[in-house]
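Per my numbering, residue 1249 is the first one in the sequence shown, and the count goes up by one each step. Heads up, the thing below is written out as structure tokens.
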Amino acid sequence: MRKLILLLLFIPIVFSCSKDNDEPETLTLQIGDTYAGGIVFQVNGNGTSGMLAKTGDTGVMNWYEAMDSESNGWYVPSIYQLGTMYDAIGQGADVINIGNFEMSKYWSSTEHSGGSGYAFNFATGESHIGYNGILNCRVRLVKPF
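This is the structure in structure tokens:
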């Protein structure tokens, strides 16, 4: 009888215990999702890594000022990345301009020659060459996740 009572007291303890799931939750993002101060514009095959565009523009400035605006892992995108942003979350996307881009030129970090760099025009979807110290363009920073 004593064993039966101990067994009956032990059963609730066994069933009330649960194993904690120590595995971290896998982050899966899609293009257009908002995450960590940015909008996802590029993802790898399973959505666990990719690129973010900041949710707003940093400002209007010349190329040299744009290069100095990088901080906390955010940086000026390449001309290729600007084209990807245009197609994914800008005016070229199926859901038009969820990135809230101006119909304007944006500086890239891609340099040309002779003191000029590439800018991407979000009004036309084309890249242009601009003089780094003279032309003022908008800046939208990016970073990986």
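Heads up, the beta-carbon is just placed ideally off N, CA and C, and yes, glycines get one too.
Check your understanding: Who pairs with T1282 in a beta bridge, going by DSSP?
Key -> Looking at the DSSP assignment, T1282 forms a beta bridge with I1287.
Exercise for review: Could you check the C-alpha separation between V1291 and N1384 for me, to the nearest Å?
Suggested key: Approximately 30 angstroms, taken between the alpha carbons.
Check your understanding: Within 6 angstroms: the Cβ of V1288 and any heavy atom of the ligand PLP?
Key -> With respect to small molecules bound, the structure shown includes none, and the ligand PLP cannot be examined in it.
**Study point:** Presumed contact (8 angstroms Cβ cut-off) between A1301 and I1337, rounded CB distance
**Key:** The pair is a contact, with the Cβ atoms about 7 angstroms apart (cut-off 8 angstroms).
Check your understanding: Mapping DSSP to helix, strand and coil, what is G1338?
Key -> Of the three classes helix, strand and coil, the one that applies to G1338 here is coil, per DSSP.
Practice item. Could you work out which residue in P1392, I1346 and N1380 is closest to T1370 when comparing CA atoms only? Key: Per the sequence shown, residue 1370 should be read as Phe rather than Thr. Cα-wise, what sits closest to F1370 is I1346.
**Study point:** Within 7 angstroms, strictly: CB atoms of W1311 and N1380
**Key:** Yes; because the gap between Cβ atoms is below 7 angstroms, this pair is in contact.
Point to revise | Backbone CA spacing between F1368 and G1362 [nearest angstrom] | key: The alpha-carbon atoms of F1368 and G1362 are separated by roughly 19 angstroms.
Point to revise | Pairwise C-alpha distance: L1275 and L1254 | key: Since pLDDT at L1254 reaches only 46, below the 50 mark, its modelled position is unreliable, and the value read off the structure follows with that caveat. So the alpha carbons of these two residues sit roughly 45 angstroms apart.
Check your understanding: For R1407 versus Y1334, is the C-beta spacing smaller than 7 angstroms?
Key -> Coverage of the chain is limited to positions 1249 through 1393, which leaves residue 1407 absent and any answer about it impossible.
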